Amino acid sequence: MGKPAQPRVLLGVGGGIAAYKAAEIVRRLQDRGFRVQATLTAAAQRFITPLTFAALTQDKVVTELFEPGAAQPDSASAIEHIEVPLRADAFLVAPATADLLAKLAHGLADDFLTTAHLAYQGPLLVAPAMNVNMWNHPATQANLAVLRGRGVHVIEPDEGAMACGMYGPGRLAEPDAIAAEVERVLEAGRGPRDLEGLSVLITAGPTREPVDPVRYISNRSSGRMGFALAAEALRRGARVRIVRGPVALEPPAGAEAVAVETAAEMRQAVLERLPSSDLIIMAAAVADYRPRQVADRKIKKSDAALAIELEPTQDILAELGRLKGDRVLVGFAAETNDLEAHGLDKLRRKGCDFLVANPVGDAAAGAGMDSEENQGLLLGAAGERIELPREGKAAMARRIFDGVAPALARRKAHV
Ligand SMILES: Cc1cc2nc3c(=O)[nH]c(=O)nc-3n(C[C@H](O)[C@H](O)[C@H](O)COP(=O)(O)O)c2cc1C
């Protein structure tokens, strides 16, 4: 048997000051086993030469839509803008200038890169880089929203000192982080589509319980785990609805997301959607307590100690455990100690089919809430016990669905 084909990345280089970093991106992609072909816009060639990329990629660098000689009937280059993107497994635009983002968002096709973009059908990633004012401009942000809405992966720029002397977001993400994202997107594209025809409801993020009109009690949940689960469910073909507390992150494109604030609002939104769901995953960190009284005016500062009396919120997971019927219910438990024993206890008490027990506090050593990584145990009511090693939340989401999918298939077979 021959070696498996190397996945191919088409790298589109835009005309920004960060174009020189695109050479480093080629190297980092190659480190990860990708074969890279580059195309440079006219403006990009003012910053870096095609020769650099030809030498690094050992492949032809495309710079022109209308190549000399393209009109010859036997010319291979005549339809390169179709053929080159067809060969690519991923299309990465880095750096993506403000101008390129606008062109991609609006479907302009006046050079090779933008024409190839329209002919291309696989995953598209853009790594923007520009001056902070250009980045913050409503036009740029609107173009990014259009691209995100279309399922384009936007690799967020870093914040920091920029070539123009200003400080802020807009600096090209690190080349290795960009290469890692290409790898992640391509890996996420593989795997089963075992949730087709199913409706998945996922809660994510914290809740906020008001103390007075300006203060609230909340927790560190970022929504990352819930959104990673949503992205994985989408990839496996499910209809995905997210009920999310206040988070800074954007939910994955393709999911229907509703924003709530308090535990009571989350409960309401989840119960409304329960009848039309096949699988419910409660990844939100719902407040267990809320202030008994919410002051209708801002509580004035004084030197005296202030006691706020808390009352329990309604336990959404336990309620779902009672109401779920033959739907599959997955809960989350954050534990500081005795992960398995506490997890099994919660699994039974709440009537879940599965419980993801994950360590928090010292036991988690930097993983878990408000971090990129997570770990734990997936425990099932039918005796399933799956170790979830420490890894990125996208990878952990994949493992969770691998563990839960057989139970869903069994339910489906019964109906
Ligand atoms: C020195 C210099 C640096 C530039 N850097 C950037 C940049 O970092 N990001 C950006 O969006 N535009 C930048 N521009 C503006 C772009 O070069 C210009 O918008 C160009 O039309 C983009 O072409 P493209 O669509 O091929 O990327 C820069 C221009 C100059 C002269």
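So the sequence shown is numbered by the numbering used here: it starts at 1 and just counts up by one.
Where a beta carbon is used, it is the ideal one built from N, C-alpha and C, also for glycine.
On a predicted model such as this, the values are computed, not experimentally measured, just so you know.
query: When burial is assigned at 16 or more other CB atoms within 10 Å of the CB, is E156 buried or exposed?; result: exposed
query: Run through the segment 59–116 for me and flag every whole beta strand (DSSP E) of 3 or more residues, listed as ranges in chain order.; result: 90–96
query: I want to check one thing, is the minimum distance from the CB of G392 to the heavy atoms of ligand 1 below 7 Å?; result: no
query: Quick one, are the C-beta atoms of A44 and V13 less than 8 Å apart?; result: yes
query: Whether or not the segment 119–126 and the segment 79–97 are in contact is what I'm after, with contact meaning three or more pairs of Cβ atoms, one per stretch, closer than 8 Å; do they touch?; result: yes
query: Does the separation of the CB atoms of R193 and A394 fall below 8 Å?; result: no
query: Which two residues bound the contiguous alpha helix (DSSP H) that contains G12?; result: Element bounds for G12: not the alpha helix (DSSP H) but the beta strand (DSSP E), R8 to V13.
query: Helix or strand or just coil, what does DSSP make of R190?; result: coil
query: When the Cβ atoms of the segment 286–297 are set against those of the segment 222–236, are three or more pairs found closer than 8 Å?; result: no
query: Does the Cβ of M282 lie closer than 7 Å to at least one heavy atom of ligand 1?; result: no
query: Skipping 5 residues on each side, what residues in its chain have a beta carbon closer than 6 Å to that of R239?; result: S199
query: Thinking C-alpha only, which one of D296, C352 and R297 is nearest D315?; result: C352
query: Rounded to whole angstroms, what's the CA-CA distance from E391 to S302? Just pull it up for me.; result: 46 Å
query: Straight-line CA distance for I386 to R398?; result: 12 Å
query: How long is the line joining the alpha carbons of S75 and A116, rounded to whole angstroms?; result: Here S75 scores only 48 on pLDDT, less than 50, and its place in the model should not be relied on; the value that follows carries that caveat. If you take the alpha carbons of S75 and A116, they lie about 18 Å apart.
query: Quick check: the segment 242–250 against the segment 306–322, are at least 3 beta-carbon pairs closer than 8 Å?; result: no
query: Given 7 Å as the limit, tell me if L100 has its C-beta closer than that to any heavy atom belonging to ligand 1.; result: yes
query: I'd like to confirm something about A116: is its beta-carbon nearer than 7 Å to some heavy atom of ligand 1, or not?; result: no
query: Is the Cβ-Cβ distance between F354 and G380 less than 8 Å?; result: yes
query: Which complete alpha helix (DSSP H) runs does the segment 258–310 hold, if anything under 4 residues is left out?; result: 263–273
query: Does any heavy atom of ligand 2 sit closer than 7 Å to the C-beta of G12?; result: With respect to small molecules bound, the structure shown includes ligand 1 and not ligand 2.
query: Near P406, which residues of its chain fall below 7 Å by C-beta distance, leaving aside the five closest residues on each side in sequence?; result: none
query: Is any heavy atom of ligand 1 found at a distance shorter than 7 Å from the C-beta of A43?; result: yes
query: Any idea which residues DSSP pairs Q37 with across the strands?; result: L10
query: I202: which of A283, K350 and H153 sits nearest, CA to CA?; result: A283
query: According to DSSP, what are the bridge partners of E209?; result: I217
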